[in-house]
Amino acid sequence: MLNEGQLTLRDKYGWNIIAVKDIYKEALSKYGLIIVDEAQRIYGMQLNHIIREVKKNYSNCIFSHDGQQTLWRGEITNKIEDKIELEITQKSFELTTKIRTNKEVAAFIHCLFDKGRPIERYGYSSIELKYFDNYRDAAEHLVNLRAIGWKTINYTPSKKYRLPYENHSVFNETDNAHTVIGQEFDNVAAAIDGHFYFKERRLTTRNYKNRPYYHPTKMLFQILSRTRIRLNVVIIKNEEVLARCLAIINCTKSE
Numbered sequence: 023m024l025n026e027g028q029l030t031l032r033d034k035y036g037w038n039i040i041a042v043k044d045i046y047k048e049a050l051s052k053y054g055l056i057i058v059d060e061a062q063r064i065y066g067m068q069l070n071h072i073i074r075e076v077k078k079n080y081s082n083c084i085f086s087h088d089g090q091q092t093l094w095r096g097e098i099t100n101k102i103e104d105k106i107e108l109e110i111t112q113k114s115f116e117l118t119t120k121i122r123t124n125k126e127v128a129a130f131i132h133c134l135f136d137k138g139r140p141i142e143r144y145g146y147s148s149i150e151l152k153y154f155d156n157y158r159d160a161a162e163h164l165v166n167l168r169a170i171g172w173k174t175i176n177y178t179p180s181k182k183y184r185l186p187y188e189n190h191s192v193f194n195e196t197d198n199a200h201t202v203i204g205q206e207f208d209n210v211a212a213a214i215d216g217h218f219y220f221k222e223r224r225l226t227t228r229n230y231k232n233r234p235y236y237h238p239t240k241m242l243f244q245i246l247s248r249t250r251i252r253l254n255v256v257i258i259k260n261e262e263v264l265a266r267c268l269a270i271i272n273c274t275k276s277e
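Laid out in structure tokens, this is it:
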């Protein structure tokens, strides 16, 4: 599915944008350049079809991909990035975090996901924290944040089970970790519940009765990294994550 931003580019500005599932319906031969965004998320057969059509039609193709931005195990094990590297005929270029507008937000996210990473000394005025000891109050707070202009992004729900993170979902919010791929928002609010913990130095999750199809840690990274200006982190019954967040934002205050 195309997200709201992609639909705007297509319908308002005339961009030729299609969902990857529709590539078999599209005559790719009419394009001199094909750009595949979020290429790490496509299936191997889709990649093979694109490459085959590009070679057959002597077209050009640009693949944009980031192995960190995967949401389920199949996207990790497919290793699409490795397959792309075997096929490309031109030099690869790498974007760094410096391209992101807000260095504070980028540094906070990286330091949160890696407890062993040295904390970068910013003021972190772009980061707000709020702690709750239950889902109900946290969910109500997220609703209130949405009402005053914060972008709330839900974790993508399971099609089989009700998972714990659905307890803090904002009911009238249509966006989730999947629908916001490729988009950014000025002010983002994100929830982190008690299932997150640090395994050695890496942030991950545990103790789900039913195994989530989409990895919650990957979804959290996707949600947080949509932030352009300000990030509001709502922590639910998780003192370990709270302590790490406080250590990051207070790193310069103790000096």
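Remember, my numbering sits 22 above the position in the sequence shown when you count from 1. Beta carbons are placed, not taken as given, at the ideal position from N, Cα and C, and that holds for glycine. Bear in mind that the values here come from a model prediction, so they are computed numbers and not experimental data.
- Classified as buried, Trp172 has 16 or more neighbouring CB atoms from the shown chains inside 10 Å of its CB.
- Per the Cβ contact rule, the stretch 209-222 is in contact with the stretch 248-257 (3 or more Cβ pairs under 8 Å).
- In this structure, DSSP gives Thr239 a helical state, which the three-state scheme calls helix.
- No Cβ-Cβ contact shorter than 9 Å links Leu55 with Ile73.
- Annotated three-state conformation of Thr30 is helix, per DSSP.
- If the five residues before and after Trp37 are omitted, its C-beta is found closer than 6 Å to the C-beta atoms of Leu31, all from its own chain and listed in chain order.
- For Val210, the enclosing beta strand (DSSP E) covers residues Phe207 to Ile214.
- Closest option to Pro140, judged by alpha-carbon separation, among Ala129, Ile149, Ala160 and Thr111: Ala129.
- Under DSSP, the beta-bridge partners assigned to Phe154 are Ile258.
- The beta carbon of Arg248 is closer than 8 Å to those of Lys173, Ile175, Val202, Gln205, Glu206, Phe207 and Val210 in its chain, skipping five residues each way along the sequence.
- At the C-beta level, Ile110 and Ala61 stay beyond 9 Å of one another.
- Taking all protein chains in view, the Cβ of Ser191 is crowded by 16 or more other Cβ atoms within 10 Å, so the residue is classified as buried.
- DSSP places Lys125 within a helical segment (H, G or I) once states are collapsed to three.
- Contact annotation: Arg224 and Phe115 have beta-carbon atoms that are not nearer than 9 Å.
- Excluding residues up to 5 positions away in sequence, Tyr144 lie with their Cβ nearer than 7 Å to the Cβ of Lys125 in the same chain.
- Residue state for Lys52 is assigned as helix, using DSSP reduced to three classes.
- Here DSSP, grouped into helix, strand and coil, assigns Arg184 to coil.
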